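A.B. asks: Below are the structure tokens for one structure; questions will follow.
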Amino acid sequence: MSKRLSDATLADLPNAVMRPRYDRRAVTTGIVHLGVGAFHRAHQAVYVDDVLAQDPHWGIVAASLRSPDTSDALEPQNGLYTLSIRSGEGEALRVIGSIGRVIVAPQAVDDLLGVMTDPRTRIVSLTVTEKGYCHDPATGMLNETHPDVVHDLQNPHQPRSAPGFIVEALRRRRMAGIAPFTVLTCDNLPSNGRTVKRVLTRFAELSDPAFGRFVADEVSCPSTMVDRIVPATSDEDRQRIRETLGLSDAWPVVTEPFTQWVIEDRFPQGRPAWEESGAQFVTDVEPYEHMKLRLLNGSHSTLAYLGYLAGYETVADTMADGSFERLITGLMNQEVTPTLHMPADADLTAYKRALIERFKNPALRHRTWQIAMDGSQKLPQRLLGTVRDRLRENASIDRLALGVAAWMRYVTGVDEQGGVIDVRDPMAVRLRETADRAGGSPERLAGGLFAMREIFGDDLPRDPRFTGPVGTALARLYAQGAKRTVAEWIATVRP
Ligand code: CS2
2 MSKRLSDATL ADLPNAVMRP RYDRRAVTTG IVHLGVGAFH RAHQAVYVDD
52 VLAQDPHWGI VAASLRSPDT SDALEPQNGL YTLSIRSGEG EALRVIGSIG
102 RVIVAPQAVD DLLGVMTDPR TRIVSLTVTE KGYCHDPATG MLNETHPDVV
152 HDLQNPHQPR SAPGFIVEAL RRRRMAGIAP FTVLTCDNLP SNGRTVKRVL
202 TRFAELSDPA FGRFVADEVS CPSTMVDRIV PATSDEDRQR IRETLGLSDA
252 WPVVTEPFTQ WVIEDRFPQG RPAWEESGAQ FVTDVEPYEH MKLRLLNGSH
302 STLAYLGYLA GYETVADTMA DGSFERLITG LMNQEVTPTL HMPADADLTA
352 YKRALIERFK NPALRHRTWQ IAMDGSQKLP QRLLGTVRDR LRENASIDRL
402 ALGVAAWMRY VTGVDEQGGV IDVRDPMAVR LRETADRAGG SPERLAGGLF
452 AMREIFGDDL PRDPRFTGPV GTALARLYAQ GAKRTVAEWI ATVRP
């Protein structure tokens, strides 16, 4: 048995492994982060690790809103963990020290609210995934009937949801005369800052209209675009990393060399000098956000549903099939790019070229099943916004329609061989019922799913320019399977 990674064993690491170059004991907490998943640990926590030597006031206290897994893994390691950066060229390891402590929120509500209320905490950031905002994905408004919202409004001192924790901490700060922290969302939502602000304002307003106005007027929620591909860590990763470290790490994270963070510079209580670690500060994130959500995530979801149905385990496996690569290139160039309005210095051609290479990264085993999760929350910003913009121009949406149809085929929960698909989605039960009612008819399935207004809104289900191509694609997927459909689709698709 190898020894465990921790402050006490840092000096035992091989020289090639980078490690914190600052005194961890001198670091104080400036950031509370909600949702301490692999993405946060491969992204923001690294940007923070980069600046702590110059400015030790920005250490992170991270919280899991549900499971104790990350805390169980990291607490014995004093919050330390390994970041593995992998590509076809090899692997580089770096130990990250910016997370001082991991709190398991359900077990320590007061502890977490206490740190969030501490005047030294000036930023509360979040990666709680799309569903963590308790909003309606089609409208971006707070879902007032969401069970966690109902619970948190009735029990404001014992919140469960991310908005519930933030609103309660803001209320306590206001009562104590402490300025509000900046709320920094790092999830793949459209206009993510504006969305979280809308959700928080409404939440606060429901308990007290004056407090709602305070949140609207005083709390800054800059939008951000975050980007780094971070597949789930496998046991094979753990073992390989242990061999190189000579120490065991219960939960390393594996990622790609690429990383990007574009942030609106609105931090009334100050912020770390993240530009020193490569973040871009801009006045308007929206063009970058559209670029990323539509080109990267839209392609990712399309590859995930079609690739899974075709029997491909990872994104790289899917991209190795030439028809799928052509489909995605066509999707990006023909259907998504005309909807983007980028600042003059952004190089979309280079961005798309890099994306294709990133998707093909042979060292990342990014499972199609992982990306396929939570489609009901992802589709609106990844594919349907692009569809709306295209329809406004009366332009074709054939490849986008194939992506939407593949999602429909996927959520039936039965694969092309009749095997079970483990569909993970907050709406999984309704999706399953809709599929069961359709009884194998693609028309009835499409009709049932289009009726879900939270996903498709009121406009798309009524527009035959949308329902037509989706219906055709779905019928083909049923009749011929994903592989043949993709191969034929790229041959016949409208430009
Ligand atoms: C992926 C994203 O799982 C998913 O849905 O599309 O997590 C993606 O890898 C990141 O957004 C990349 O920045």
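Residues 2 to 496 in this note's numbering are what the sequence shown lists, from first letter to last.
Cβ atoms here follow ideal geometry from the backbone N, Cα and C, with glycine treated the same way.
Fair warning: this is a prediction, and the values are worked out from it, not measured in the lab.
#1: Going straight from the alpha carbon of Tyr289 to that of Glu257, what length do you get?
#2: Below 7 Å, is the gap between the Cβ of Arg42 and the nearest heavy atom of the ligand CS2?
#3: Classify Lys4: buried if its beta carbon has 16 or more other beta carbons within 10 angstroms, exposed otherwise.
#4: Check whether the region 55-63 touches the region 34-45, counting contact only when three or more Cβ pairs, one atom from each stretch, lie closer than 8 Å.
#5: Examine the ligand CS2 and report whether any of its heavy atoms sits within less than 7 Å of the Cβ of Leu371.
#6: Using the Cα positions of Gly420 and Asp318, report the straight-line distance between them to the nearest angstrom.
#7: Can you tell which of Ala347, Ser377, Gln382, Gly308 has its C-alpha closest to the C-alpha of His367?
#8: What are the start and end residues of each continuous beta strand (DSSP E) run of 3 or more residues lying completely inside the region 88-150, in chain order?
#9: So, is Pro77 buried or exposed, given that buried needs 16 or more other C-beta atoms within 10 angstroms?
#10: Helix, strand or coil for Met19, going by three-state DSSP, please let me know.
#11: Of all the options Ser126, Ala39, Leu6, Asn16, which has the alpha carbon lying nearest to the alpha carbon of Pro273?
#12: Okay, do the region 361-379 and the region 223-233 touch, 3+ Cβ pairs below 8 Å being the bar?
#13: What would DSSP say about Gly323, mapped onto helix, strand or coil?
#14: Leu81 and Val103: beta carbons closer than 8 Å?
#15: Who pairs with Val337 in a beta bridge, going by DSSP?
#16: If you measure from the CB of Asn189, is any heavy atom of the ligand CS2 nearer than 7 Å?
#17: Is the Cβ-Cβ distance between Phe360 and Leu304 less than 8 Å?
#18: Within the continuous beta strand (DSSP E) that includes Phe282, where are the two ends?
#19: Check whether the Cβ of Leu127 lies closer than 7 Å to any heavy atom of the ligand CS2, and answer yes or no.
#20: Here's the rule I'm using: 16 or more other beta-carbon atoms within 10 Å means buried, otherwise exposed. How should Thr493 be labelled?
#21: I'd like the list of long-range same chain contacts for Pro363, defined as Cβ closer than 6 Å, with 5 residues on each side in sequence excluded.
#22: Between Leu294 and Arg383, is the Cβ-Cβ spacing less than 8 Å?
#23: Report yes if the CB atom of Gly98 is closer than 8 Å to the CB atom of Arg25, and no otherwise.
#24: Mark Asp209 as exposed unless 16 or more other C-beta atoms lie within 10 angstroms of its C-beta, in which case mark it buried.
#25: Is Asn156 buried or exposed, if buried means 16 or more other CB atoms sit within 10 Å of its CB?
#26: Decide if Gln240 is buried, meaning its Cβ has at least 16 other Cβ atoms within 10 Å, or exposed.
#27: Would you kindly work out how many angstroms separate the C-alpha atoms of Asn189 and Arg95, rounded to a whole number?
#28: If you reduce the DSSP assignment to three classes, tell me which class Gly60 lands in.
#29: Just the C-alpha distance for Glu394 and Arg463, rounded to the nearest angstrom, thanks.
#30: What does the Cβ neighbour count give for Glu336, buried or exposed, with the cut at 16 atoms within 10 Å?
#31: Counting Cβ pairs, one atom from each stretch, are 3 or more of them under 8 Å apart for the region 105-121 and the region 154-174?
#32: What does DSSP give as the partner residues of Arg368 in its beta bridges?
#33: With respect to 7 Å, is the separation between the Cβ of Asn298 and the closest non-hydrogen atom of the ligand CS2 below this value?
C.D. replies: The structure says:
#1: 20 Å
#2: no
#3: exposed
#4: yes
#5: Note that residue 371 corresponds to Gln in the displayed sequence, not to Leu. At least one heavy atom of the ligand CS2 is nearer than 7 Å to the Cβ of Gln371, so yes.
#6: Rounded to whole angstroms, Gly420 to Asp318 spans 20 Å at the Cα level.
#7: The alpha carbon of His367 has as its nearest neighbour, out of Ala347, Ser377, Gln382, Gly308, the alpha carbon of Gly308.
#8: 91-97, 100-105, 124-127
#9: exposed
#10: strand
#11: Ser126
#12: yes
#13: helix
#14: For Leu81 and Val103, no; Cβs fall outside 8 Å.
#15: Bridge partners of Val337: none, in fact.
#16: yes
#17: yes
#18: 281-283
#19: no
#20: exposed
#21: Shown here for Pro363: same chain residues with a beta carbon closer than 6 Å to its own, the five before and five after excluded, namely Gly89, Ala317 in chain order.
#22: Yes.
#23: yes
#24: exposed
#25: Exposed is the call here.
#26: Exposed, since its Cβ has fewer than 16 Cβ neighbours within 10 Å.
#27: 26 Å
#28: Residue state, collapsed to three classes: strand.
#29: 17 Å
#30: buried
#31: yes
#32: Thr315, per the DSSP bridge assignment.
#33: yes
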